[in-house]
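My numbering numbers the first residue of the sequence shown as 8 and each following residue consecutively.
Idealized CB from N, CA, C, for every residue including glycine.
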Amino acid sequence: MKNIFVTGATSMLGAALIDDCLQYGTNVFAVVRPNSKNISRLPKSELLHVIECELSGLKGLKFYGLPEEIDAFYHFGWEATTKSGRNSPSQQSENISSSLEAVRLAHSLGCRKFIGAGSQAEYGIHTNPVTSPNTHAEPVTAYGISKLAAGRLCALEAEKLRTNFVWVRIFSVYGDNDGAETMITAILRKLMKNEYCALTQGVQNWDYLYSSDAGRAFRLIGESDTGKSSLYCLGSGKARSIRSYVEDMKEAAESSSVLGFGDVPYTDGIPPSMCADISDLTRDTGFVPEVSFMEGIQKIINITYRGGGMK
Numbered sequence: 008m009k010n011i012f013v014t015g016a017t018s019m020l021g022a023a024l025i026d027d028c029l030q031y032g033t034n035v036f037a038v039v040r041p042n043s044k045n046i047s048r049l050p051k052s053e054l055l056h057v058i059e060c061e062l063s064g065l066k067g068l069k070f071y072g073l074p075e076e077i078d079a080f081y082h083f084g085w086e087a088t089t090k091s092g093r094n095s096p097s098q099q100s101e102n103i104s105s106s107l108e109a110v111r112l113a114h115s116l117g118c119r120k121f122i123g124a125g126s127q128a129e130y131g132i133h134t135n136p137v138t139s140p141n142t143h144a145e146p147v148t149a150y151g152i153s154k155l156a157a158g159r160l161c162a163l164e165a166e167k168l169r170t171n172f173v174w175v176r177i178f179s180v181y182g183d184n185d186g187a188e189t190m191i192t193a194i195l196r197k198l199m200k201n202e203y204c205a206l207t208q209g210v211q212n213w214d215y216l217y218s219s220d221a222g223r224a225f226r227l228i229g230e231s232d233t234g235k236s237s238l239y240c241l242g243s244g245k246a247r248s249i250r251s252y253v254e255d256m257k258e259a260a261e262s263s264s265v266l267g268f269g270d271v272p273y274t275d276g277i278p279p280s281m282c283a284d285i286s287d288l289t290r291d292t293g294f295v296p297e298v299s300f301m302e303g304i305q306k307i308i309n310i311t312y313r314g315g316g317m318k
């Protein structure tokens, strides 16, 4: 790809995609919030062009100096992603409108493909051992409901505008730009300080994908001929118990922390397990994860704790 356009550029996924694309000489036009506190996540490059704009300001946005052809428009921008915000119907519903405006903006820029970031939260609670694009979606949170609505409405808008549309339901991605509230970030912080870790039994299986693999997957989706409309699940394609992930984290951190499995009760019974079926994604793009969980945790430790100081 010669040129791409990215909203939510400083998010973990946005930054990972940009890092990957810059290595291939792609011009990146990145939308960030004015005075973004996370702008340092983006590398310095002559190929990176930062555009300051709120998501609410996408409607009617005018650009000057853009190339005549944008190969792909990536929409990662999403407001209210914290735990409290995810449960707010009013806050989440605003994201549906901004996503539709993103599709219209992509069309006005002449983008050949719109790629949106969905979520495994769209599926809600189910007992399937593997979750595929065809698995019934029945979200239970405001976040999941809004992601599902955004994906379906944006698909209709893209069809009307004759824009190729891809919706990617993302499972659990982790990396050095991960949020402070995630399980991996919170537990790893304690492990690095050799603190006691109160945990659930950790018996549910989960699917984790390292951020650089996720960024590469999105690049491959942009480059591939995925057809007019496609839906993918994005994860590692393999799941194992939360307990085993935590044990790997302790080993990688060389921590003396005591792991208190079972100290924290499950509030509504044992949570369901999740594993992404990435067979369609692999078939269409050639994507195969490259970074093992242990390698990913080592990278986070080296960047966050041993390279740049403890956060």
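Cα-Cα separation between residue i and residue j, rounded to whole angstroms
{"i": "D232", "j": "A157", "result": "23 Å"}
{"i": "G21", "j": "W85", "result": "11 Å"}
{"i": "I310", "j": "L168", "result": "43 Å"}
{"i": "L227", "j": "L62", "result": "25 Å"}
{"i": "S88", "j": "T274", "result": "Residue identity check: residue 88 is Thr in the sequence provided, not Ser. Going by the C-alpha atoms only, they are around 22 Å apart."}
{"i": "N102", "j": "E129", "result": "14 Å"}
{"i": "N135", "j": "L241", "result": "16 Å"}
{"i": "R111", "j": "A165", "result": "8 Å"}
{"i": "R176", "j": "H133", "result": "16 Å"}
{"i": "T14", "j": "P50", "result": "16 Å"}
{"i": "S91", "j": "S153", "result": "15 Å"}
{"i": "G182", "j": "N201", "result": "21 Å"}
{"i": "F294", "j": "D27", "result": "14 Å"}
Helix, strand or coil at residue i [DSSP, three-state]
{"i": "I228", "result": "helix"}
{"i": "G316", "result": "At G316 the pLDDT is 43, less than 50, meaning the model places this residue with poor confidence and gives no usable figure here."}
{"i": "T311", "result": "helix"}
{"i": "A23", "result": "helix"}
{"i": "F268", "result": "strand"}
{"i": "N94", "result": "coil"}
Burial state of residue i (16 or more Cβ within 10 Å)
{"i": "N42", "result": "exposed"}
{"i": "Q99", "result": "buried"}
{"i": "K257", "result": "buried"}
{"i": "R313", "result": "exposed"}
{"i": "D220", "result": "buried"}
Chain-order list of residues whose beta-carbon lies under 8 Å from that of residue i (same chain, five-residue window excluded)
{"i": "E76", "result": "K9, N10, G117 and R119"}
Cβ-based neighbour list, residue i, same chain, cut-off 7 Å, excluding 5 preceding and 5 following
{"i": "G316", "result": "Below a pLDDT of 50, predicted positions are generally treated as unreliable, and G316, at 43, falls in that range; the measurement from the model is reported next regardless. Nothing meets the Cβ criterion."}
Cβ-heavy atom distance, residue i to the ligand GDP, below 7 Å
{"i": "T138", "result": "The ligand GDP is absent from the structure shown, which contains no ligands of any kind."}
Check whether residue i and residue j have beta carbons under 8 Å apart
{"i": "A260", "j": "I191", "result": "no"}
{"i": "H56", "j": "V35", "result": "yes"}
{"i": "A205", "j": "G267", "result": "yes"}
{"i": "Y147", "j": "G123", "result": "Residue identity check: residue 147 is Val in the sequence provided, not Tyr. In this structure, G123 does not lie closer than 8 Å to V147 by Cβ."}
{"i": "L288", "j": "Y239", "result": "yes"}
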